[in-house]
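The sequence shown begins at 1 in UniProt numbering and counts up by one.
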Amino acid sequence: MRLLLDRKLSRPACLSTAHASRRCRPCKQFRRGLVRAQQQPGTPQSAETGRGSGHAVESLNSEQLTTALADRDRPIVIDFSANWCGPCLLLAQELEKVAKQLGDKVRLIKIDTDENPQLSSDLQIQGLPTMVFVGTDKSKPALRTEGLLPAETIISIIQNEL
Numbered sequence: 001m002r003l004l005l006d007r008k009l010s011r012p013a014c015l016s017t018a019h020a021s022r023r024c025r026p027c028k029q030f031r032r033g034l035v036r037a038q039q040q041p042g043t044p045q046s047a048e049t050g051r052g053s054g055h056a057v058e059s060l061n062s063e064q065l066t067t068a069l070a071d072r073d074r075p076i077v078i079d080f081s082a083n084w085c086g087p088c089l090l091l092a093q094e095l096e097k098v099a100k101q102l103g104d105k106v107r108l109i110k111i112d113t114d115e116n117p118q119l120s121s122d123l124q125i126q127g128l129p130t131m132v133f134v135g136t137d138k139s140k141p142a143l144r145t146e147g148l149l150p151a152e153t154i155i156s157i158i159q160n161e162l
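Shown next, in the form of C-alpha cells:
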C-alpha cells in the first residue's frame, strides 16, 4: 500500500485510485463528506451553476477579469478553480458564506482554469484552488493563496490585509 503524507493536512493522500476507492478509510470519509455537502438540500451553491442563494460569485473570462481589475472600487477575491476539483467545490461553499457575511463590501470572482488555460498559464496557476486577493490600492501587491481556506480566514484576510 503506497501512501503519500500530505504535510499541511496531516492525512494520507492516495497515489492509487483503487486504494482511494476501497481501502483508505481517511479518503472514504473525505469523499463521503464531499458528497454529502453537495447533495444536502439548501446547501449554498455557487451562482454560476444556477442553483443556490443568488449571484454572490461571478464567473468571468480573462477579458472580463481585466476590466473588473481596472475598474475596481472594492476588494476583489479571484478563485481559480475547476469543476472536477473536490476542494474547489468546498471552497465555493466557503465563498458563499463570505458573500453572505460581507455582502457588497467585496467582489467575488470565479475563473474556471479549464475554460481559461492561457490566463492560468500567464499567472502561473499550478495548484487548485488558488485565490488571489486584490485590494483597492493599486500600488499594493495582490496576495495569493493555494488550497482550501475556511470562510473566517478569507474574511480575516480581506479585512486586515486589503
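Every residue, glycine too, gets a C-beta built ideally from N, C-alpha and C.
### Message
Please tell me whether residue 133 and residue 123 are closer than 9 Å, where the distance is taken between their beta carbons.
### Response
Within the sequence shown, residue 133 is the residue found at index 133, counting from 1. Within the sequence shown, residue 123 is the residue found at index 123, counting from 1. For residue 133 and residue 123, no; Cβs fall outside 9 Å.
### Task
Let me know if residue 81 comes out buried or exposed under the rule of 16 or more other beta-carbons within 10 Å of its beta-carbon.
As a working mapping, residue 81 is identified with position 81 in the sequence shown. Flag for residue 81 reads buried.
### Task
Can you tell me which of 147, 71 and 135 puts its alpha carbon nearest to the alpha carbon of residue 128?
The count along the sequence shown starts at 1 and reaches residue 128 at position 128. Closest by C-alpha distance to residue 128, out of 147, 71 and 135, is 147.
### Query
Counting along the chain, where does the alpha helix (DSSP H) carrying residue 98 start and finish?
The sequence position of residue 98 within the sequence shown is 98, counting from 1. Looking at the DSSP string, the run of the alpha helix (DSSP H) that includes residue 98 is 86-102.
### Query
Is DSSP giving residue 163 helix, strand or coil here?
Outside the modelled stretch of the chain, which goes from 1 to 162, sits residue 163, for which no answer is possible.
### Query
Does the Cβ-Cβ distance between residue 94 and residue 157 come in under 9 Å?
Walking along the sequence shown from the start, residue 94 turns up at place 94. Walking along the sequence shown from the start, residue 157 turns up at place 157. Result no, Cβ atoms of residue 94 and residue 157 do not sit closer than 9 Å.
#### Entry: Residue environment, residue 139, which counts as buried when at least 16 other CB atoms sit within 10 Å
Residue numbering aside, residue 139 sits at position 139 when the sequence shown is read from its first letter. Under this definition residue 139 is an exposed residue.
### Task
Look at the Cβ atom of residue 150, then the Cβ atom of residue 105, and state whether they are nearer than 9 Å.
The residue labelled residue 150 in the question sits at position 150 within the sequence shown. The residue labelled residue 105 in the question sits at position 105 within the sequence shown. Not a contact, by the Cβ cut-off of 9 Å.
### Task
Throw me the rounded Cβ distance for the residue 108 and residue 58 pair, which I believe falls under 8 Å.
Residue mapping note: residue 108 aligns to position 108 of the sequence shown, counting from 1. Residue mapping note: residue 58 aligns to position 58 of the sequence shown, counting from 1. Their Cβ separation, rounded to whole angstroms, is 7 Å, which keeps residue 108 and residue 58 in contact under 8 Å.
### Query
Going along the chain, which residues of its own chain have a beta-carbon closer than 6 Å to the beta-carbon of residue 110, five neighbours each way excluded?
In the sequence shown, residue 110 corresponds to position 110, counting from 1. Excluding residues within five positions, the ones whose Cβ falls inside 6 Å are 57, 59 and 79.
### Task
Rounded to whole angstroms, what's the CA-CA distance from residue 116 to residue 137? Just pull it up for me.
Start at 1 with the first residue of the sequence shown, and residue 116 comes out as number 116. Start at 1 with the first residue of the sequence shown, and residue 137 comes out as number 137. Cα to Cα, the separation comes out at about 26 Å.
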